[in-house]
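Start counting the sequence shown at 547; every next residue gets the next number (the working numbering). All C-beta atoms in this analysis are idealised placements derived from N, C-alpha and C, irrespective of residue type, glycine included. Nothing here was measured: the structure is a model prediction, and the numbers come from that model.
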Amino acid sequence: MHISAHFDAGNIEVINLENKQDIQLAIRPDVGGEFFQWFNFRLTGEIGEHYTLNIINAGEASYVAGWDNYQAVASYDRDYWFRLPTSYQDGKLTIKVELQCQTIQIAYFAPYSYERHQDLLAAVQTHPLVTLEHLGQTLDKRDLTLVKVANNDGYVNDDGNNDGDINDDVNDNKATKKRTIWITARQHPGETMAEWLIEGLLHSLLDEDNATAKALLNKANFYIVPNMNPDGSVRGHLRTNAAGTNLNREWANPSLDKSPEVFYVINKMQETGVDLFYDVHGDEAIPFVFLAGSQGTPSYNDRLARLRDRFAEVLQLASADFQTQEGYEIDAPGTANMTLATHWVAEHFDCLANTLEMPFKDNDNMPNAETGWSPERCSKLGEASLVAMLAVVDDLR
547 MHISAHFDAG
557 NIEVINLENK
567 QDIQLAIRPD
577 VGGEFFQWFN
587 FRLTGEIGEH
597 YTLNIINAGE
607 ASYVAGWDNY
617 QAVASYDRDY
627 WFRLPTSYQD
637 GKLTIKVELQ
647 CQTIQIAYFA
657 PYSYERHQDL
667 LAAVQTHPLV
677 TLEHLGQTLD
687 KRDLTLVKVA
697 NNDGYVNDDG
707 NNDGDINDDV
717 NDNKATKKRT
727 IWITARQHPG
737 ETMAEWLIEG
747 LLHSLLDEDN
757 ATAKALLNKA
767 NFYIVPNMNP
777 DGSVRGHLRT
787 NAAGTNLNRE
797 WANPSLDKSP
807 EVFYVINKMQ
817 ETGVDLFYDV
827 HGDEAIPFVF
837 LAGSQGTPSY
847 NDRLARLRDR
857 FAEVLQLASA
867 DFQTQEGYEI
877 DAPGTANMTL
887 ATHWVAEHFD
897 CLANTLEMPF
907 KDNDNMPNAE
917 TGWSPERCSK
927 LGEASLVAML
937 AVVDDLR
């Protein structure tokens, strides 16, 4: 029997392998030691054998409520991910495995590898509407890459012809500048469901047979950062970058030494402006898909409230996985934490800004005992998100 985590996004420490019915493991904390919950490792053993894995420091993890009704994910081929019998008691997370092949990979959620991230960038750049832009380097010298999707940089005309020529309507002032939609994912690197969603969203946006995508691209340019935290992703972190910084608490005052990823993205946003912002995340404890908005920001107003309500209404129609009853408590007016991306962007650009949260567990709104919340469902939610964006794009300004 052998257990290894010495690979991209791997995270586990082996404490004791002597008893296959009490294999003792521990999750390695992020740099700085403040956060840990992500695990990702491979177990090699005998086909047909039963193994019991105990993560003995689970009771000290960042979000202990995340273990309630949680089932670990596993895969033999690193393509199809299913759930394993998992329980939490007395500070230990216990995972039971009966091997169907010699090696199984077990993780907190289906990993989205750095290699797959590179494959995604390489695949989309071949599309004529896509431009890849290097925003800067991370602390570990990895590229922070922006995907721009635009069929031109001109104007939307009232006759529906998006030809970049405003002369058709210049006399009656009906020409409208295209909107700017920004999407970011994986500020918290362990929230891999975010990049699975981006993959589905991008493929849908670039699908020539997708009428929703074509209509959106007639009205808006997209600026998408599929992975805001490549260093933390490769290191197997839950929430932080190579410096141990939680990027989603850096937006009010980012720095090159602690949070270059946010620094570079904000610089680019200042250049392009933002009309709609969609920051994609995962939540450890809440078994639902939901939005967290900018209601607590100082300048939140009726216009933004109407846009948010419309966006949520249409997203719920586009995907039965999404719901509006469960989620975070709404901030009182003027009490929002302005270091968070959604709050800072909403206030700075006076725009519709939402954080989308997906579960690490199953989605209780639409449960699936075999896979729980899965990469495939993330991808479909990405496609559905485009429908909600189309519903509000004309009214963003």
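{"Item": "Residue burial classification, Asn909 (beta-carbon count within 10 angstroms, cutoff 16)", "Value": "buried"}
{"Item": "Inter-stretch contact (C-beta, 8 Å, three-pair minimum) for the region 859-866 and the region 766-773", "Value": "no"}
{"Item": "Contact belief for Gly736 with Tyr654 at Cβ below 8 Å, rounded distance in angstroms", "Value": "7 Å"}
{"Item": "Minimum C-alpha distance to Ala761 - residue among Val939, Val577, Ile558, Asp896", "Value": "Val939"}
{"Item": "Exposure of Glu661, with buried meaning 16 or more beta-carbon neighbours within 10 Å", "Value": "exposed"}
{"Item": "Distance CB(Arg574)-CB(Gly782) smaller than 9 Å", "Value": "yes"}
{"Item": "Cβ-Cβ separation, Thr818 to Ser805 (assumed contact under 8 Å), whole Å", "Value": "With a Cβ gap of about 20 Å, Ser805 and Thr818 do not count as contacting."}
{"Item": "Residue from Ala882, Val835, Asp755 whose Cα sits closest to the Cα of Arg923", "Value": "Val835"}
{"Item": "Cβ shell of Val560 (< 7 Å), same chain only, five flanking positions each side left out", "Value": "Ile549, Leu571"}
{"Item": "CB of Ser840 within 9 Å of CB of Ala892, strictly", "Value": "yes"}
{"Item": "Buried or exposed by the 16-neighbour rule on C-beta atoms within 10 Å, applied to His680", "Value": "exposed"}
{"Item": "Distance, Ala878 Cα to Val828 Cα", "Value": "Note that residue 828 is Gly in the sequence shown, not Val. Spanning the two alpha carbons is a distance of roughly 23 Å."}
{"Item": "Segment limits, beta strand (DSSP E) that includes Ala731", "Value": "725-731"}
{"Item": "Residue span of the beta strand (DSSP E) that contains Thr901, given as start and end", "Value": "898-905"}
{"Item": "Cβ neighbours of Asp723 in the same chain (closer than 6 Å, five flanking residues each side left out)", "Value": "This sequence places Lys at residue 723; Asp is not what is there. If we look at Lys723 and ignore the five residues flanking it on each side, its Cβ neighbours are Tyr701."}
{"Item": "Sequence-distant residues of the same chain with beta carbon closer than 7 Å to Gln651, five excluded per side", "Value": "Arg588, Ala620, Ser621, Arg624"}
{"Item": "Cα-Cα separation between Glu592 and Leu599, rounded to whole angstroms", "Value": "15 Å"}
{"Item": "Other residues of its chain near Glu875: CB distance less than 8 Å, five sequence neighbours each side excluded", "Value": "none"}
{"Item": "Identity of the residue in Gly778, Phe628, Thr881, Ala887 nearest Phe823 by Cα", "Value": "Ala887"}
{"Item": "Per-residue burial, Glu745 [other beta carbons within 10 Å of its own, 16 or more giving buried]", "Value": "buried"}
{"Item": "Selected residue, minimal CA-CA separation from Thr514, among Leu639, Asp686, Met884, Val780", "Value": "It is not possible to answer for residue 514, since the shown part of the chain is limited to 547 through 943."}
{"Item": "Three-way DSSP call (helix, strand, coil) for Asp711 in this model", "Value": "Because Asp711 carries a pLDDT of 48, less than 50, the predicted location of this residue cannot be relied on, and the following value inherits that uncertainty. If DSSP states are grouped into helix, strand and coil, Asp711 belongs with coil."}
{"Item": "Buried/exposed call for Gln733, threshold 16 Cβ in 10 Å", "Value": "buried"}
{"Item": "Cβ neighbour criterion (16 or more within 10 Å) applied to Asn717", "Value": "Bear in mind that a pLDDT of 38 at Asn717, under 50, signals an unreliable position, so the number given afterwards is only what the model happens to contain. Exposed, because fewer than 16 other Cβ atoms sit within 10 Å of the Cβ of Asn717."}
{"Item": "Thr901 to Val826 span [Cα, whole Å]", "Value": "6 Å"}
{"Item": "Endpoints, alpha helix (DSSP H) assigned at Thr758", "Value": "757-765"}
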